[in-house]
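Enquirer:
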Amino acid sequence: MADKPIKSDPGFVDEVKALGGINVEACFNCGTCTAVCPLSSGASSFPRKMITYTQLGLKDKVLESPDLWLCNYCGECSKSCPREAAPAETMMALRRYAISQYAPPGFSSFSRMIYRSRAFAWISMILISLIPLVLMLGLHGPINSSSVLMFTFFPEHYIDYIGITLGVIILGVMLYGLGKMYYMTTRGMSGFQGEGHSANGIKWLQEFTKTLFKEVFIQKRLDQCNENSKGWRERLNSEWFTHMTIFWGFIGLLITTSLGFLIPSAISVPLTNGLYIPVTEPIRLLGTLSGLLLVYGATRAIINRVNKSEIYSSHTYFTDWAFLVLLLLAGLTGYSLEIAYYVNSPLLTYALLTVHLIVVFDLFVVAPFTKFAHALYRPLAIWVSRARQYIETT
Amino acid sequence: MTELPEEAYDVLVIGGGIAGMEAAIDLGDMGFKVALVEKEPTIGGKMLLLSKVFPTLDCASCISGTKTSTVSHHPNIRLLTYSEVAGIERVDSGFVARVTEKPRYVDASLCTSCGECEDACPIIVPNEFDFGLRGRKAIYIPFDTAVPKNAVLDLDNCIYCMQCERVCPADAINFLQVPKAHTLRVKAIILAVGFKLFQAEKKKDYHYGEYPNVLTSMQMDRVVAPTRPYNAVIRPSDGKEPQNVGYVLCTGSRDRTVGNPRCSQVCCMYSMKQAQLIMGSLPTADITLYYMDIRAYGKGFEEFYRQSRDMGVKFVRGKVGKIEQKPDSNLTVYYEDTEGSGGMRKADHDLMVLSVGLLPNTEVAGLFKNVKLDLDEIGWIRIMNETRSSVQTNIDGVFAAGCATGPKDIPDSVLEAGAAASQCAAYIRGASASITAHEVPAGI
Numbered sequence: 017m018a019d020k021p022i023k024s025d026p027g028f029v030d031e032v033k034a035l036g037g038i039n040v041e042a043c044f045n046c047g048t049c050t051a052v053c054p055l056s057s058g059a060s061s062f063p064r065k066m067i068t069y070t071q072l073g074l075k076d077k078v079l080e081s082p083d084l085w086l087c088n089y090c091g092e093c094s095k096s097c098p099r100e101a102a103p104a105e106t107m108m109a110l111r112r113y114a115i116s117q118y119a120p121p122g123f124s125s126f127s128r129m130i131y132r133s134r135a136f137a138w139i140s141m142i143l144i145s146l147i148p149l150v151l152m153l154g155l156h157g158p159i160n161s162s163s164v165l166m167f168t169f170f171p172e173h174y175i176d177y178i179g180i181t182l183g184v185i186i187l188g189v190m191l192y193g194l195g196k197m198y199y200m201t202t203r204g205m206s207g208f209q210g211e212g213h214s215a216n217g218i219k220w221l222q223e224f225t226k227t228l229f230k231e232v233f234i235q236k237r238l239d240q241c242n243e244n245s246k247g248w249r250e251r252l253n254s255e256w257f258t259h260m261t262i263f264w265g266f267i268g269l270l271i272t273t274s275l276g277f278l279i280p281s282a283i284s285v286p287l288t289n290g291l292y293i294p295v296t297e298p299i300r301l302l303g304t305l306s307g308l309l310l311v312y313g314a315t316r317a318i319i320n321r322v323n324k325s326e327i328y329s330s331h332t333y334f335t336d337w338a339f340l341v342l343l344l345l346a347g348l349t350g351y352s353l354e355i356a357y358y359v360n361s362p363l364l365t366y367a368l369l370t371v372h373l374i375v376v377f378d379l380f381v382v383a384p385f386t387k388f389a390h391a392l393y394r395p396l397a398i399w400v401s402r403a404r405q406y407i408e409t410t
Numbered sequence: 544m545t546e547l548p549e550e551a552y553d554v555l556v557i558g559g560g561i562a563g564m565e566a567a568i569d570l571g572d573m574g575f576k577v578a579l580v581e582k583e584p585t586i587g588g589k590m591l592l593l594s595k596v597f598p599t600l601d602c603a604s605c606i607s608g609t610k611t612s613t614v615s616h617h618p619n620i621r622l623l624t625y626s627e628v629a630g631i632e633r634v635d636s637g638f639v640a641r642v643t644e645k646p647r648y649v650d651a652s653l654c655t656s657c658g659e660c661e662d663a664c665p666i667i668v669p670n671e672f673d674f675g676l677r678g679r680k681a682i683y684i685p686f687d688t689a690v691p692k693n694a695v696l697d698l699d700n701c702i703y704c705m706q707c708e709r710v711c712p713a714d715a716i717n718f719l720q721v722p723k724a725h726t727l728r729v730k731a732i733i734l735a736v737g738f739k740l741f742q743a744e745k746k747k748d749y750h751y752g753e754y755p756n757v758l759t760s761m762q763m764d765r766v767v768a769p770t771r772p773y774n775a776v777i778r779p780s781d782g783k784e785p786q787n788v789g790y791v792l793c794t795g796s797r798d799r800t801v802g803n804p805r806c807s808q809v810c811c812m813y814s815m816k817q818a819q820l821i822m823g824s825l826p827t828a829d830i831t832l833y834y835m836d837i838r839a840y841g842k843g844f845e846e847f848y849r850q851s852r853d854m855g856v857k858f859v860r861g862k863v864g865k866i867e868q869k870p871d872s873n874l875t876v877y878y879e880d881t882e883g884s885g886g887m888r889k890a891d892h893d894l895m896v897l898s899v900g901l902l903p904n905t906e907v908a909g910l911f912k913n914v915k916l917d918l919d920e921i922g923w924i925r926i927m928n929e930t931r932s933s934v935q936t937n938i939d940g941v942f943a944a945g946c947a948t949g950p951k952d953i954p955d956s957v958l959e960a961g962a963a964a965s966q967c968a969a970y971i972r973g974a975s976a977s978i979t980a981h982e983v984p985a986g987i
């Protein structure tokens with residue numbers, strides 16, 4: 017480490033500013049942000065360190081630090097910053113930077129452009145939406161206008177094929193990002209790469225399970241973020257609850273879709289030619305409930321951002337809007353589709369199906385390049401950070 | 544309200560702190576008639592409250608005490624205490640100021656400051672002199688070296704029991720006093736309105752006013768002064784001698800969240816001064832200064848800083864983020880040690896002192912009725928051209944000195960007061976006080 021010269025990029029500050037670190041140069045390194053942060057600790061201290069890296073142009077230091085993802089953006093630092101340098105925004109901007117940098121080479125500049133240019137983001141979204149639209153226009157079957165025959169209009173296995181193809185690509189991109197992040201954040205740490213790796217295997221697994229339960233399933237750190245919310249009433253109004261509803265809503269729908277594809281026999285009524293499946297059917301019930309959670313969470317998050325009620329909801333970039341609006345649209349079009357289907361309005365059903373599939377397609381395509389990517393990067397970072405603490409204390 | 548006949552003076556000095564007193568004495572010595580208006584019942588300002596002054600550790604009241612008595616006995620100075628300027632109007636020959644003198648309810652010409660009234664008064668309220676660390680009566684002599692040394696009755700806290708009136712041997716108590724309206728016609732004005740202290744309550748994370756062992760630096764200065772309350776250095780919650788004192792520098796300075804982005808210039812030095820004085824009183828106490836940058840810029844300041852380090856004062860670079868109280872009323876501070884590897888830290892102290900910053904007295908701009916006094920973006924009086932004159936405001940014939948124009952230390956305030964006095968004298972004598980380069984006659 018010591019024999020390697022430190023590389024500084026003078027343009028890094030401007031890059032971070034363009035990604036939303038609006039006032040990073042104002043910082044005079046007093047450390048108030050770190051001191052008031054409910055999540056910062058002795059071993060992993062932020063955000064001042066990250067801001068110093070930015071000011072010095074040490075972009076590798078930023079990408080090598082899992083601390084970036086330990087921040088849950090509560091905004092306490094921005095509230096108390098004596099320079100009004102908005103440290104929370106800088107942390108957010110650095111996460112955007114990291115998302116773009118962990119992505120595979122070609123996707124990396126695509127991701128960066130989405131963050132930096134609103135016009136580019138709009139055009140990309142429209143072009144991406146054209147893919148499923150063209151596929152549907154080209155591949156759809158006979159349009160029966162007398163009764164709803166959804167899967168005659170667009171056969172179910174087409175959806176499966178497109179979905180699987182897309183899923184494989186997205187998964188590949190995500191895995192590349194995770195791999196790169198793992199490599200960078202553990203580089204130079206003994207016990208992670210090379211010597212001593214296998215000896216700690218069981219411990220790693222334990223830490224991994226802990227991370228999964230505490231940070232993914234119940235998201236304890238996000239709950240800690242809002243120090244004032246102790247009672248359940250406050251919790252229900254907190255950022256944590258909003259996030260939990262979106263997360264579990266999304267997971268629920270993911271499970272519903274996968275189960276529907278993997279074990280069609282689990283659904284008691286055969287899924288052919290759009291026969292009506294009763295609402296009480298377990299998998300469908302899961303989908304309906306998850307959809308409700310998702311719509312509720314996304315709506316609340318959008319309202320927060322419109323009202324700018326908190327620091328974390330007062331600076332909204334295109335990708336934040338895109339993600340939330342796509343989530344909400346996915347939920348709303350899903351329910352509208354069901355209603356149209358139920359009232360037996362064939363043309364409306366076909367149109368809604370098209371829109372619904374486009375929205376879901378968009379949602380998955382942009383996932384690895386936008387804020388959505390934190391769903392995988394954050395748990396990995398927390399795990400690496402826990403493991404690092406374990407190494408340092410033993 | 545009693546209207547008094549108009550009086551004429553050469554100069555009106557507003558503010559009876561060290562700068563105002565110095566300017567008034569300088570002008571008085573030159574033969575000008577000066578009216579000095581002070582809103583408090585006594586003169587001396589903030590300097591008189593201090594224990595010692597940095598970096599020489601001279602006794603503050605020994606220096607300002609000579610000024611207060613000079614002012615009160617000077618044949619050319621008319622002193623109006625407990626008086627506030629209600630308005631100033633520009634007229635052809637100068638200015639007309641209306642000054643309201645508040646009633647003391649004590650006849651100053653009769654009062655001998657014997658203190659009998661104080662003893663008789665049953666009401667005790669927190670005093671101003673020690674910033675609430677000690678009590679005073681509703682009728683009180685503000686402090687031992689007060690000038691003028693007369694009792695003053697605080698009617699807001701008085702219960703009209705008339706005990707003071709009964710015991711006063713000089714029959715000086717007079718509940719029938721009403722405010723007096725003075726009209727002063729003057730040729731020039733010196734604004735020496737000083738500063739106000741940052742209200743530490745505004746930094747919510749430090750819990751000043753809520754945790755008993757969090758004090759402001761002005762309170763601490765009283766604690767380390769020879770005339771300290773209880774004659775001991777003790778902490779408020781339980782009277783324990785503090786053994787581990789922490790200082791939060793830049794409380795309310797260089798902080799945009801409270802609207803004061805500027806450095807207050809004196810906090811680093813007075814904090815080190817207090818640290819040295821605490822070490823004098825409590826030789827075994829640990830003292831930690833949490834600072835952002837140490838600004839020891841003046842003559843002898845850097846040496847004073849090094850001396851503090853050598854004496855064992857611990858300097859930690861990092862602004863305290865928050866203070867939490869523990870059940871034993873000790874305090875935990877959260878900060879980031881921004882030197883070295885950095886990182887979030889916690890430390891325990893049994894007394895925390897907030898080194899509060901200096902803020903402008905912006906009300907001064909409202910005194911001028913038919914002219915506008917320029918303030919800078921923070922609210923200090925704007926000096927038109929600092930390279931030409933450090934005391935000339937935007938109004939001809941109006942000068943400013945001391946902390947009225949920005950935070951500064953005592954020597955600089957005294958220096959400016961002298962400059963204001965001499966430029967004011969030149970202005971009155973008819974020479975233009977605003978000579979610009981092209982107006983300088985050829986041949987000079």
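Chains A and B, in that order, are what the protein sequence lines are. Mapping of the first sequence onto this note's numbering: position 254 corresponds to residue 270, and the numbering continues sequentially without gaps. Mapping of the second sequence onto this note's numbering: position 107 corresponds to residue 650, and the numbering continues sequentially without gaps. All C-beta atoms, glycine included, are put in the ideal place defined by N, C-alpha and C.
#1: Of all the residues that make up the segment 33 to 53 of chain A, which are near chain B by a beta-carbon distance shorter than 8 Å?
#2: Determine the chain A residues that contact E671 of chain B at a beta-carbon separation under 9 Å, and present them in chain order.
#3: Can a CB atom of chain A be found closer than 8 Å to the CB of E879 of chain B?
#4: Counting only C-beta atoms, is K745 of chain B closer than 8 Å to chain A at any point?
#5: Just tell me which of A:M107, A:W256, A:L72 has its CA closest to the CA of I234 of chain A.
#6: Residues in the same chain with beta-carbon distance under 6 Å from T106 of chain A, minus the five sequence neighbours each way, listed in chain order, please.
#7: Which of the residues in the segment 58 to 70 of chain A, read from start to end, lie with their CB under 7 Å from any CB of chain B?
#8: Would you mind telling me which residues of chain B sit closer than 8 Å to S96 of chain A, beta carbon to beta carbon, in chain order?
#9: Look up I978 of chain B in the DSSP assignment and say whether it is helix, strand or coil.
#10: Since I believe L555 of chain B is in contact with V736 of chain B (beta carbons under 8 Å), could you give me their beta-carbon distance rounded to a whole number of angstroms?
#11: Taking the CB atoms as reference points, tell me whether V164 of chain A and Y312 of chain A lie closer together than 8 Å.
#12: Whole-angstrom Cβ separation of V32 of chain A and L110 of chain A, contact assumed at under 8 Å?
#13: Taking 8 Å as the CB-CB limit, is G789 of chain B close to chain A?
#14: Using only the alpha-carbon positions, how far apart do S61 of chain A and T48 of chain A sit?
#15: With 16 other CB atoms within 10 Å as the buried threshold, where does N88 of chain A fall?
#16: State whether the segment 631 to 650 of chain B contacts the segment 910 to 928 of chain B, with contact taken as three or more CB pairs (one from each stretch) at a distance under 8 Å.
#17: With a threshold of 8 Å, are at least 3 pairs of Cβ atoms found where one atom belongs to the segment 616 to 625 of chain B and the other to the segment 664 to 681 of chain B?
#18: Where does E172 of chain A fall in DSSP's three states?
#19: Are the CB atoms of A59 of chain A and A101 of chain A nearer to each other than 8 Å?
#20: Would you identify the three-state DSSP class for V341 of chain A, choosing helix, strand or coil?
#21: With a cut-off of 8 Å on the beta carbons, I'd call G885 of chain B and R64 of chain A a contact; round off their distance for me.
#22: Tell me, please, whether the CB atom of G883 of chain B is closer than 8 Å to any CB atom in chain A?
#23: Is it true that the CB of A828 of chain B sits closer than 8 Å to the CB of A566 of chain B?
#24: Looking at the unbroken beta strand (DSSP E) that takes in T875 of chain B, where does it start and where does it end?
#25: Work out the CA separation of V957 of chain B and A562 of chain B for me, nearest whole Å.
#26: In chain B, what lies closer than 7 Å to R99 of chain A by C-beta?
#27: Assign C90 of chain A to buried or exposed, taking buried as 16 or more other Cβ atoms, counted over all protein chains shown, within 10 Å of its Cβ.
#28: Going by the CB atoms, is the gap between G73 of chain A and P26 of chain A shorter than 8 Å?
#29: If we call anything under 8 Å between Cβ atoms a contact, is L792 of chain B one with C806 of chain B?
#30: What alpha helix (DSSP H) runs, 4 residues minimum, are completely inside the segment 555 to 610 of chain B?
#31: Does the beta-carbon distance from L902 of chain B to A743 of chain B come in below 8 Å?
#32: Which partner residues does N803 of chain B have in the DSSP bridge list?
#33: Terminal residues of the continuous alpha helix (DSSP H) containing F738 of chain B?
#34: Please identify the residue among B:D572, B:P804, B:E550, B:S604 whose C-alpha is closest to the C-alpha of I953 of chain B.
#35: Step through the CB atoms of chain B and report whether any lies within less than 8 Å of the CB of G290 of chain A.
#36: Compile a chain-ordered list of the residues in the segment 577 to 593 of chain B whose CB is closer than 8 Å to at least one CB of chain A.
Expert: Looking at the coordinates:
#1: Residues of the segment 33 to 53 of chain A whose Cβ lies closer than 8 Å to any Cβ of chain B, in chain order: F44, N45, C46, G47, T48, C49, T50, A51, V52, C53.
#2: To locate residue 671 of chain B, count along the second sequence from 1; it is residue 128. Simply none; closest approach about 30 Å.
#3: For this step, residue 879 of chain B is matched to residue 336 along the second sequence. The Cβ of E879 of chain B sits closer than 8 Å to at least one Cβ of chain A.
#4: The count along the second sequence starts at 1 and reaches residue 745 of chain B at position 202. No, K745 of chain B does not count as interfacial toward chain A.
#5: Against the first sequence, residue 234 of chain A aligns to sequence position 218. Among A:M107, A:W256, A:L72, the Cα nearest to that of I234 of chain A is on A:W256.
#6: In the first sequence, residue 106 of chain A corresponds to position 90, counting from 1. Cβ within range, chain order: G37, V40, I67.
#7: Flagged, chain order: G58, S61, R64, K65.
#8: Along the first sequence, read from residue 1 onward, the residue named residue 96 of chain A stands at position 80. Against chain B, a Cβ distance below 8 Å from S96 of chain A picks out D748, T800, G864.
#9: Looking up residue 978 of chain B in the second sequence gives position 435. At I978 of chain B, the pLDDT of 44 sits below 50, so the modelled position is not reliable; the number obtained from the coordinates is stated separately. Of the three classes helix, strand and coil, the one that applies to I978 of chain B here is coil, per DSSP.
#10: Residue numbering aside, residue 736 of chain B sits at position 193 when the second sequence is read from its first letter. Residue numbering aside, residue 555 of chain B sits at position 12 when the second sequence is read from its first letter. Contact annotation, V736 of chain B with L555 of chain B: C-beta distance approximately 12 Å; criterion of less than 8 Å not satisfied.
#11: As a first step, residue 164 of chain A must be located in the first sequence, where it is residue number 148. As a first step, residue 312 of chain A must be located in the first sequence, where it is residue number 296. The criterion of a C-beta distance shorter than 8 Å is not satisfied by V164 of chain A and Y312 of chain A.
#12: Taking the first sequence and counting its residues from 1, one reaches residue 32 of chain A at position 16. Taking the first sequence and counting its residues from 1, one reaches residue 110 of chain A at position 94. About 6 Å separates the Cβ atoms of V32 of chain A and L110 of chain A, confirming a contact at the 8 Å cut-off.
#13: Along the second sequence, read from residue 1 onward, the residue named residue 789 of chain B stands at position 246. With 8 Å as the cut-off, G789 of chain B does not count as an interface residue toward chain A.
#14: On the first sequence, position 45 is the one that residue 61 of chain A refers to. On the first sequence, position 32 is the one that residue 48 of chain A refers to. Approximately 12 Å, taken between the alpha carbons.
#15: Along the first sequence, one-based indexing puts residue 88 of chain A at 72. With 16 or more Cβ atoms within 10 Å of its Cβ, N88 of chain A is classed as buried.
#16: Pairwise C-beta distances place the segment 631 to 650 of chain B in contact with the segment 910 to 928 of chain B, as three or more of them are shorter than 8 Å.
#17: The segment 616 to 625 of chain B is not in contact with the segment 664 to 681 of chain B.
#18: By 1-based counting over the first sequence, the position of residue 172 of chain A is 156. Three-state result, E172 of chain A: helix.
#19: Taking the first residue of the first sequence as 1, we reach residue 59 of chain A at position 43. Taking the first residue of the first sequence as 1, we reach residue 101 of chain A at position 85. Contact: no.
#20: For this step, residue 341 of chain A is matched to residue 325 along the first sequence. Of the three classes helix, strand and coil, the one that applies to V341 of chain A here is helix, per DSSP.
#21: As a first step, residue 885 of chain B is located in the second sequence; it is residue number 342 there, counting from the start. As a first step, residue 64 of chain A is located in the first sequence; it is residue number 48 there, counting from the start. Right, the Cβ-Cβ distance comes to about 7 Å (below 8 Å), so this counts as a contact.
#22: Your numbering for residue 883 of chain B matches position 340 in the second sequence. So no, G883 of chain B is outside the interface.
#23: Stepping through the second sequence from its first residue, residue 566 of chain B is reached at position 23. Stepping through the second sequence from its first residue, residue 828 of chain B is reached at position 285. Not in contact: A566 of chain B and A828 of chain B (Cβ atoms no closer than 8 Å).
#24: Counting from 1 along the second sequence, the entry for residue 875 of chain B is found at position 332. Residues 874 to 879.
#25: Along the second sequence, one-based indexing puts residue 562 of chain B at 19. Along the second sequence, one-based indexing puts residue 957 of chain B at 414. Whole-angstrom Cα-Cα distance: 5 Å.
#26: Here residue 99 of chain A corresponds to residue number 83 of the first sequence, with the count starting at 1. Simply R799.
#27: In the first sequence, residue 90 of chain A corresponds to position 74, counting from 1. By the neighbour-count definition (other C-beta atoms within 10 Å, threshold 16), C90 of chain A is a buried residue.
#28: Indexing the first sequence from 1 puts residue 26 of chain A at position 10. Indexing the first sequence from 1 puts residue 73 of chain A at position 57. For P26 of chain A and G73 of chain A, yes; Cβs fall inside 8 Å.
#29: Locating residue 792 of chain B in the second sequence gives position 249, where the first residue counts as 1. Locating residue 806 of chain B in the second sequence gives position 263, where the first residue counts as 1. Cβ distance not < 8 Å, so L792 of chain B and C806 of chain B don't count as in contact.
#30: As far as the segment 555 to 610 of chain B is concerned, its whole alpha helix (DSSP H) runs of at least 4 residues are 561 to 572.
#31: Position 359 of the second sequence, counting from 1, holds the residue named residue 902 of chain B. Position 200 of the second sequence, counting from 1, holds the residue named residue 743 of chain B. Going by C-beta atoms, L902 of chain B is not nearer than 8 Å to A743 of chain B.
#32: Start at 1 with the first residue of the second sequence, and residue 803 of chain B comes out as number 260. Bridge partners of N803 of chain B: B:D798.
#33: By one-based count along the second sequence, residue 738 of chain B stands at place 195. Looking at the DSSP string, F738 of chain B is not in any alpha helix (DSSP H); the run it does join, the beta strand (DSSP E), is 738 to 740.
#34: Here residue 953 of chain B refers to the residue found at position 410 of the second sequence. Measuring from the Cα of I953 of chain B, the nearest candidate turns out to be B:S604.
#35: Against the first sequence, residue 290 of chain A aligns to sequence position 274. Interpretation of G290 of chain A is limited by its pLDDT of 48, a score under 50 that renders its predicted location unreliable; the figure taken from the coordinates is listed afterwards. Not closer than 8 Å to any Cβ of chain B, the Cβ of G290 of chain A fails to qualify, so no.
#36: Result list empty, no residue passes.
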